[in-house]
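The structure under discussion appears below in the form of structure tokens.
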Amino acid sequence: MWHRLFLGIIAAAALAACEPVPDLSGPPTTTVRLAGAVTLTGPAGYCVDPVVTKPRQGFALLAACAAMTADETDAYPDLIALITVQVGADGSGAVAGQEDAFGAFMETPQGAALLSASAIGGPIAVRVTQTAPNTVAVYTEDIADPGISGTQKQAWRLFTDVRGRLVTITVRGLTDAPLSQSASRALLDAVVTALHSANDLPSSAT
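Note that the sequence shown covers residues 5 to 210 in the working numbering.
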């Protein structure tokens, strides 16, 4: 059941991003180097989608490795979600040393509008904002239906600076296996911890 469901959602994500529907028959990989020599490694049980991911554009989609193999009996991770990572342009870093100001801006109507404009879907509401050294995490809820069918309206987004570039991580659960706010945050922390470790940065996940 999980295999077919996940394939459908990944295909929907590809279409929403105007990318070809991925062929997931090849062996999955857990690591990719994105723009600016930013190395991304998926948390346990997650691999890099081979087609939707665009390394030169700084974009990666992580999904359950089991969804990318031909064996429907492969085990899925306990926490299932779609994870996207976007690396910004050189010099776009804006978090380190400005965490409180960045977080406060995300709570304003202008910040919510910026988050809405950068997401697949429509307007969103900011529910929670949390800061730590070199990270600002925002828990959001789509006001309308999410842009990717089969995914939750709620999502965590985390902003962090890596190699002078702003990196945005989004974790969104599935409607058939929704993640609680705390479970989604735990997965987000695993992603940012692996990201910082792969790029020789101290971990600041909370």
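Every residue gets a Cβ at the ideal spot worked out from N, C-alpha and C, and that includes glycine.
Give me the DSSP bridge partner(s) of residue i.
i	result
residue 51	67
residue 37	43
residue 161	142 and 174
residue 88	65 and 174
residue 181	178
residue 155	178
DSSP three-state call for residue i: helix, strand or coil?
i	result
residue 199	helix
residue 83	coil
residue 117	helix
residue 28	Note that residue 28 scores a pLDDT of 42, beneath 50, so its modelled location is shaky and nothing firm can be said.
residue 189	helix
residue 169	strand
Do residue i and residue j have their C-beta atoms within less than 9 Å of each other?
i	j	result
residue 184	residue 160	no
residue 107	residue 169	no
residue 118	residue 89	no
residue 49	residue 82	yes
residue 259	residue 72	There is simply no residue 259 to check, as the chain begins at 5 and stops at 210 in what is shown.
residue 78	residue 85	no
residue 202	residue 44	yes
residue 179	residue 138	no
residue 54	residue 38	no
residue 197	residue 177	no
residue 173	residue 205	no
What residue range does the alpha helix (DSSP H) around residue i cover?
i	result
residue 136	Premise fails: residue 136 lies in the beta strand (DSSP E), 128-136, not in any alpha helix (DSSP H).
residue 103	103-110
Is there at least one non-hydrogen atom of the ligand MG closer than 8 Å to the beta-carbon of residue i?
i	result
residue 202	No copy of the ligand MG appears in this structure; indeed no ligand is present at all.
Does the structure place the stretch 191-205 close enough to the stretch 109-118 that three or more beta carbon pairs sit under 8 Å? no
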